[in-house]
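Whatever position you read off the first sequence (first residue = 1), add 6 for the working numbering. This report refers to the structure that appears directly beneath it.
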Amino acid sequence: MPELPEVETIARGLDKRVRGDVIESIWLGSKPEPLKSTAKEIAATLEAKRISQVRRVGKHIVFDLAEHRPSRSRKKSRKADPPSQNAQWIVHLGMTGRMLVCEPSAEIEKHTHAIAQLGSGRELRFVDPRRFGRLSVTHGFAAPGSEPLEVELDRFVSLFRNRKTPIKSALLNQSLLSGVGNIYADESLFRAGIRPRRRASSLTREDLRRLYLAIQEVLKEAIALGGSSISDYVDADGEEGFFQLQHRVYGREGEPCLVCKTPIKRVVLAGRSSHYCPKCQK
DNA sequence: ACTATGTCCTGCGAGC
DNA sequence: TGCTCGCAGGACATAG
Numbered sequence: 007m008p009e010l011p012e013v014e015t016i017a018r019g020l021d022k023r024v025r026g027d028v029i030e031s032i033w034l035g036s037k038p039e040p041l042k043s044t045a046k047e048i049a050a051t052l053e054a055k056r057i058s059q060v061r062r063v064g065k066h067i068v069f070d071l072a073e074h075r076p077s078r079s080r081k082k083s084r085k086a087d088p089p090s091q092n093a094q095w096i097v098h099l100g101m102t103g104r105m106l107v108c109e110p111s112a113e114i115e116k117h118t119h120a121i122a123q124l125g126s127g128r129e130l131r132f133v134d135p136r137r138f139g140r141l142s143v144t145h146g147f148a149a150p151g152s153e154p155l156e157v158e159l160d161r162f163v164s165l166f167r168n169r170k171t172p173i174k175s176a177l178l179n180q181s182l183l184s185g186v187g188n189i190y191a192d193e194s195l196f197r198a199g200i201r202p203r204r205r206a207s208s209l210t211r212e213d214l215r216r217l218y219l220a221i222q223e224v225l226k227e228a229i230a231l232g233g234s235s236i237s238d239y240v241d242a243d244g245e246e247g248f249f250q251l252q253h254r255v256y257g258r259e260g261e262p263c264l265v266c267k268t269p270i271k272r273v274v275l276a277g278r279s280s281h282y283c284p285k286c287q288k
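So, in structure tokens, the structure goes:
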């Protein structure tokens, strides 16, 4: 479901609602796909931990955990460790994953794969019909690619300069940039005036500079509007996003370009729908 | 090392 | 009404 702006919105909402709460126990469903770490490992890492913070890294939600009832010896060893070595719960929502904060009495939705009981009496539930989402535990999590809103221009240019693959495919490659997905790749390429099939290596430094600025602009606008609500996406508070109203090419095949009225085209690239204006994008 | 393609899943809407 | 088909916000494994 979610790309960077949606995950950012969800992580902020979760941080507001569960920061400081304690995970008392966790139930994990029997379907193996959603678990990247073993169930045993996840349970052992999460139980009796306090959620010190919830944040976004790439398209991942990171729950930073702290000992809730540290023993004397643990406390001592924790002092010696850098904060980055504290345990973390990593949630990737895939296409259809959701994290819900609810009362235990709330009906358990179909495709619920994990339920964490919280000290506040509430529950944190992971629901994901398509099971493309993943749960794992780790220490010092880092996304493989650069953060689009933090990367410097020179670094950005060097990521794409020598790639023969279409620029759209390169934008979706999370080991280059972490967080851009199908919607925001299309929207950024439109704003930068670049066709999705252009070879990344054919782009001039000026092209890449425009793309760099377009990506940041699109992502910031989308975050400000709470992300794009397509089908049933809602954030942690059940609020819809509104950036879908700002889409200029995504999902608009055949509709007139908002700039020049030319019908928007759709092609399939790397197995993903790609939308562009054949006149505005070169 | 890089690139292109298939696969993992369920649910929904379009078209018949 | 009910069926089949294509499509969906993602990311891996695999083969070339």
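Cβ coordinates follow ideal geometry from the N, Cα and C atoms, glycine included.
Exposed or buried, residue i, counting other C-beta atoms within 10 Å across all chains shown (16 or more means buried)?
i    : result
L195 : buried
C266 : exposed
I16  : buried
I114 : exposed
R62  : buried
G37  : Checking the sequence shown, residue 37 turns out to be Lys, not Gly. Flag for K37 reads exposed.
G139 : buried
L20  : buried
E12  : buried
K55  : buried
Quick check on residue i: does DSSP put it in helix, strand or coil?
i    : result
L182 : coil
V163 : helix
Y218 : helix
I114 : coil
R3   : The chain is shown only over 7 to 288; residue 3 falls outside these bounds and no answer can be derived.
F69  : strand
I270 : strand
V255 : coil
P262 : strand
A122 : strand
A54  : coil
A176 : helix
Q59  : strand
Which residue wins for smallest C-alpha separation from residue i, given the options the options?
i    : options                : result
L130 : E212, V186, A112, V274 : A112
G4   : F248, T268, K22        : The question about residue 4 has no answer, for the chain in this structure spans 7 to 288.
I110 : M101, I32, R18, R167   : Note that residue 110 is Pro in the sequence shown, not Ile. If we check each option's Cα against that of P110, I32 comes out closest.
H74  : L99, I57, N179         : I57
R197 : R167, R211, C263, T171 : C263
G151 : V60, L177, T268, R204  : L177
R18  : C286, D243, R137       : D243
V68  : A148, Q250, R203       : A148
E39  : K170, V107, I121, P135 : P135
G35  : R205, L141, A54, D70   : L141
E223 : R205, E12, S234, E193  : E193
R137 : R169, L251, H98        : H98
H119 : N179, K55, P284, L41   : L41
I'd like the list of long-range same chain contacts for residue i, defined as Cβ closer than 7 Å, with 5 residues on each side in sequence excluded.
i    : result
G125 : D27, V28, E30
Q91  : H145, G146
S175 : L275, A276
C108 : R128, E129, R131
R169 : A176, A206, S207
Kindly list the residues whose CB is nearer than 8 Å to the CB of residue i, restricted to its own chain and excluding five residues on each side of it in sequence; keep chain order.
i    : result
V143 : S43, E47, I48, T51, L52, A93, Q94, W95, I96
R215 : L159, V163
I200 : I173, L209, D213, R216, L217, Q287, K288
Measure how close the beta-carbons of residue i and residue j come, nearest whole angstrom, since I'm counting them as under 8 Å.
i    : j    : result
G257 : K65  : No, G257 and K65 are not in contact; Cβ-Cβ is about 20 Å, not under 8 Å.
Y190 : E9   : 5 Å
L155 : L183 : Not confirmed; about 10 Å, so no contact.
F132 : G103 : 7 Å
V255 : I236 : About 14 Å separates the two Cβ atoms, so there is no contact after all.
Q59  : R25  : 6 Å
E14  : I229 : 5 Å
S207 : R167 : 7 Å
By Cβ distance below 6 Å, which residues in the same chain neighbour residue i in space, the five residues on each side in sequence not counted?
i    : result
V273 : S280
R278 : N188
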